[in-house]
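What follows is a set of notes on a single structure, which appears directly below.
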Amino acid sequence: MNQGPTIEGYNFAYLDEQTKRMIRRAILKAVAIPGFQVPFGSREMPLPYGWGTGGIQVTAGVIGQNDTLKVIDQGADDTTNAVSIRGFFARTTGVSTTERTEDATIIQTRHRIPERALGKGQILVYQVPIPEPLRWLEPRETETRKMHALEEYGIMHVKLYEDIARFGRIATSYDYPVVVNGRYLMRPSPIPKFDNPKMHNMPALQLFGAGREKRIYAIPPYTDVQSLDFEDYPFEIQTWDENCALCGAEDSYLDEVIMDDHGGRMFMCSDTDYCEDRRSQGHIGPLGTPQAAE
Amino acid sequence: MYVAVKGGEKAIENAHRLLAEKRRGDTAVPELTITQIKEQMSLAVDRVMTEGSLYDRDLAALAIKQARGDLMEAIFLLRAFRTTLPRFASSKPIETTKIKAHRRISATYKDLPGGQLLGPTFDYTHRLLDFALMAEGELPQAEVCEPQDEDLPRVTSLLNAQDLIEREQATDDEPVSDLTREPLDLPAGRDVRLQNLARGDEGFILAMGYSSQRGYGNNHPFAGEIRMGDVEVVIEPEELGFPVSIGDITVTECEMVNQFKGTEAEAPKFTRGYGLSFGEAERKAMAMALVDRSMRAEELGEEVMGPAQDQEFVLYHSDNVEASGFVQHLKLPHYVDFQGELEMVRNLRAEQAEKFRKAGE
Amino acid sequence: MTNHTPLLSVQGLGKNYGPQIGCTDVSFDLWPGEVLGIVGESGSGKTTLLNCMSAQLEPSRGKVVYDTRMDGASDIYEMSESERRLLMRTDWGLVRQNPRDGLRLSVSAGANVGERLMAVGARHYGDIRTVALDWLNKVEIDQDRIDHPPATFSGGMQQRLQIARNLVTEPRLVFMDEPTGGLDVSVQARLLDLLRGLVNRLGLSVIIVTHDLAVARLLAHRLMVMKNGRVVEQGLTDQVLDDPQHAYTQLLVSSILLP
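Now the structure itself:
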């Protein structure tokens, strides 16, 4: 329940209504053309470019008084930038915030998709540093725009071919390119390729904001999203030999933590809410402690 | 047993408190006032206004104080504040012909109508650290002439009268774009390019201009005219139907005279570059004029040889708020992506070791 | 595509650079399987003409009509940019004088050959590689070099790779701009033999621009001689070279150094 913004002299969610309208128009265009990068008049925000201003502007464009917001970075709610962004929205909107994925209506994320499947009515907002999938191969914006318009994506497969010729496998581990709705080549932001399959046919709305590069794109609910590969070198996600040391999960993305100077290490779920939830349900890994049920 | 470290929120709060302490410094020393910054560090204020795209000396001074003197940080503060300001009107173009000049020089003529007026410039100072400034003291009075009444004729008008220089005219009837409202779109019109340069980082634009002088696409510049002074800002609200002056601002304007060019239809003429900044930011106005002209290389049929002539390169990398954000974002956690890379490298190494092992059998 | 339609029909083609004539008044038809040589000295307008015909440069006047597979005879400058670009990647080839301009130097030879296939939807790495190996063989590049970038190849090898990269989609029309320029005499000879073999086996139509009459004699069925932007003589290669009518052609022919 909304306590109201605590900051004086600013509009709800910081941006003025005209700007929010401009952003929503861009979002509508993006949803109408899945995977297509829509230019928008990104504003200077009180956080620096490169630190999530695109995601923040998208969230500011869609957030309402009755929303519940979750913000994560690297899958965790308590990393410093997630804390900072969550605090920003708390101050400027007064909306409830949460760490629980299932309770959130809007989830703003950097570099991860939550492990827990998202549902109809939820919105996932991704922070994007470089929106253009062809940027490394072709630095010119005028040329990449044409390539998208004419569906000239051969050069992307050349890169994958080269990887296989050189390394015996496709060497991209994050920000792995996908084709959306069978048409546009898209960068999903630096999420690990482990998360790519979650984007396919997701019941939630996925919005992508790049503030510095001034682009918004979207994947509407239940849209086809395919990661690029070759027929004989199909797309594969990462696997670990270990399970989460705290909750024992076998199916989540694991962070490596260095324990001591002798190379001792352990692995734990990157998604902190997922891990805590499992522990509260009694799943305890070798290094975990029982959690009180929430 | 491993305990995950929590408390990012507290850490951030404490970091902010520490920052405020550092900003204040030794409390035995008098606190810096906004007025002091405005008066005695006016060139810093000018730069922050120019690149912050906001003319307000008090706010710029506040930003400088809050930023502990880091001008890029101050520019960022001013830009973020600008985002929240409502728009009432667009002014008419300022009339620099009617400038009340504090300074006006030309390198292309020894003498010209209106004269060479040096104004408050570092140009002829000897760069010797003045230890007298460590103490506070009285200053000798400077001799200043009466401000002139007539308009100062432009050097470019003088050249124009003899048809020696290209005329600046709009190439279309499109309304002027606003780079602070719309994203950059290439190819960019001259209005957008000039806006981008005006708010671009002085160091970057200076380096680009410098590179063109050193041969990375030289266009033989001459400083046709530099004028610095006060101009009126005029709006014409629809309800009134007549122009209204809302105040004066100080600007510096630079017009460069560059390499001449002819076509089969027209005899050769000098070409131009244009620079404009708030306050006395003269170096910025000059650098901007150099780069403005360099970016017209393709339009003027010149071979593109250096980055200053590459519009996409200049326009995309000139904004220090964007650049600073992205460079510094590397400090944010990247451990999830890095984990992916670690795993990739480990696997590749294992596969290669396996290959060698098999080959050895 | 009927037997009565030329593969390429150039009509009144001309290009000006300001008051300067690049080329003017060029008209001819090219039939399937024909090789047309355009010869002249530098400044004759032959490169301008080639660029106008191959959609690299928009002409000032005239038409270039190509017999497309799907829609029959079409003016290439009336097509959308998308259709034109697709044409250039599939049905046409363009072999540039400097192979560095027509290759991706830092990407492997295999990827260079496979790119066009991937651009039109090939998605099986093994198959793409097989086709690439086959083409390396056809252009006499050692198959061991498939994973090497062409930056490490000799000039002759780069040129042969460029040819393979163009021919992999089995184009019907190939434009060549001084394909043997800058190569040693012995390397040239080898390349010309290769080209002649490929043209015959694949039934390609080729328009080849060259200042070297020996190259023209070896490859072209017909010749067009250009001077100052105009065609001064055209006809069957042997006729033009053995019995030149125009004074300029006579001059050109007589200045070939005899072995």
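Protein chains in written order, with this note's numbering: chain A, 1162 to 1455; chain B, 9 to 369; chain C, -19 to 239. For each residue, glycine too, the CB sits at the ideal point set by N, CA and C.
Identity of the residue in the options nearest residue i by Cα
{"i": "tyrosine 46(C)", "options": "Arg64(C), Gln139(C), Asp81(C)", "result": "Arg64(C)"}
{"i": "valine 1319(A)", "options": "Gly135(C), Val100(C), Ser166(C)", "result": "Val100(C)"}
{"i": "asparagine 1227(A)", "options": "Thr1254(A), Glu1169(A), Gly1424(A)", "result": "Thr1254(A)"}
{"i": "serine 1413(A)", "options": "Glu1312(A), Gln1218(A), Trp1401(A)", "result": "Trp1401(A)"}
{"i": "histidine 337(B)", "options": "Ala1193(A), Pro1209(A), Ala1187(A), Asp1177(A)", "result": "Pro1209(A)"}
{"i": "valine 322(B)", "options": "Lys73(B), Glu274(B), Leu298(B)", "result": "Leu298(B)"}
{"i": "arginine 1306(A)", "options": "Gln1288(A), Met1347(A), Gln1269(A)", "result": "Met1347(A)"}
{"i": "serine 285(B)", "options": "Met236(B), Val200(B), Ile20(B), Thr105(B)", "result": "Met236(B)"}
{"i": "aspartate 186(B)", "options": "Lys18(B), Gly197(B), Asp180(B)", "result": "Gly197(B)"}
{"i": "glutamine 221(B)", "options": "Glu151(B), Leu93(B), Ser302(B)", "result": "Ser302(B)"}
{"i": "proline -14(C)", "options": "Met204(C), Ala227(C), Leu153(C)", "result": "Leu153(C)"}
{"i": "aspartate 345(B)", "options": "Gly1236(A), Ser1257(A), Asp1434(A), Arg1277(A)", "result": "Gly1236(A)"}
{"i": "glutamine 149(B)", "options": "Thr133(B), Met49(B), Pro128(B), Lys30(B)", "result": "Pro128(B)"}
{"i": "glycine 1211(A)", "options": "Met1429(A), Ile1284(A), Ile1419(A), Gly1372(A)", "result": "Gly1372(A)"}
Minimum Cβ-Cβ distance from residue i to chain C less than 7 Å
{"i": "isoleucine 1325(A)", "result": "yes"}
{"i": "valine 1319(A)", "result": "yes"}
{"i": "aspartate 1385(A)", "result": "no"}
Distance between beta carbons of residue j and residue i, contact taken as under 8 Å
{"i": "histidine 104(C)", "j": "phenylalanine 1391(A)", "result": "6 Å"}
{"i": "glycine 1196(A)", "j": "isoleucine 1380(A)", "result": "7 Å"}
{"i": "aspartate 1324(A)", "j": "histidine 1361(A)", "result": "The pair is not a contact, with the Cβ atoms about 22 Å apart (cut-off 8 Å)."}
{"i": "proline 129(C)", "j": "leucine 85(C)", "result": "6 Å"}
{"i": "methionine 1427(A)", "j": "alanine 1410(A)", "result": "At roughly 13 Å, the Cβ-Cβ gap does not stay under 8 Å, so methionine 1427(A) and alanine 1410(A) are not in contact."}
{"i": "threonine 1258(A)", "j": "alanine 1251(A)", "result": "6 Å"}
Backbone secondary structure at residue i - three-state DSSP
{"i": "leucine 62(B)", "result": "coil"}
{"i": "valine 1256(A)", "result": "coil"}
{"i": "isoleucine 1224(A)", "result": "coil"}
{"i": "glutamate 58(C)", "result": "coil"}
{"i": "valine 1289(A)", "result": "coil"}
{"i": "phenylalanine 1250(A)", "result": "helix"}
{"i": "aspartate 1324(A)", "result": "helix"}
{"i": "asparagine 328(B)", "result": "helix"}
{"i": "aspartate 1356(A)", "result": "helix"}
{"i": "valine 148(C)", "result": "coil"}
{"i": "alanine 1379(A)", "result": "strand"}
{"i": "histidine 337(B)", "result": "helix"}
{"i": "aspartate 9(C)", "result": "strand"}
{"i": "asparagine 208(C)", "result": "coil"}
{"i": "leucine 238(C)", "result": "With a pLDDT of only 49 at leucine 238(C), under the threshold of 50, the placement of this residue in the model should not be trusted, and no figure is reported."}
Residues bridged to residue i (per DSSP)
{"i": "arginine 175(B)", "result": "Per DSSP, none; premise fails for arginine 175(B)."}
{"i": "valine 15(C)", "result": "Val186(C)"}
{"i": "isoleucine 1419(A)", "result": "Arg1426(A)"}
{"i": "glutamine 1235(A)", "result": "Its beta-bridge partners do not exist; DSSP assigns none."}
{"i": "glycine 237(B)", "result": "Ala109(B), Val259(B)"}
{"i": "phenylalanine 212(B)", "result": "Its beta-bridge partners do not exist; DSSP assigns none."}
Test: residue i CB closer than 7 Å to a CB of chain B
{"i": "glutamate 1455(A)", "result": "A caution first: glutamate 1455(A) carries a pLDDT of 40, below 50, which makes its placement in the model too unreliable to give a value."}
{"i": "arginine 1373(A)", "result": "yes"}
{"i": "aspartate 1432(A)", "result": "no"}
{"i": "tyrosine 1313(A)", "result": "Inspection of the sequence shows that residue 1313(A) is occupied by glutamate rather than by tyrosine. No - not a single Cβ of chain B is within 7 Å of the one on glutamate 1313(A)."}
Neighbour flag for residue i against chain A, beta carbons, 7 Å
{"i": "alanine 91(C)", "result": "yes"}
{"i": "methionine 98(C)", "result": "yes"}
{"i": "valine 111(C)", "result": "no"}
{"i": "histidine 337(B)", "result": "yes"}
{"i": "leucine 356(B)", "result": "yes"}
{"i": "serine 62(C)", "result": "yes"}
{"i": "serine 88(C)", "result": "yes"}
{"i": "alanine 367(B)", "result": "no"}
{"i": "glutamate 158(C)", "result": "no"}
{"i": "aspartate 127(C)", "result": "yes"}
{"i": "glutamate 58(C)", "result": "no"}
{"i": "methionine 313(B)", "result": "no"}
{"i": "histidine 104(C)", "result": "yes"}
{"i": "threonine 58(B)", "result": "no"}
{"i": "alanine 215(B)", "result": "no"}
{"i": "aspartate 209(B)", "result": "no"}
{"i": "histidine 24(B)", "result": "no"}
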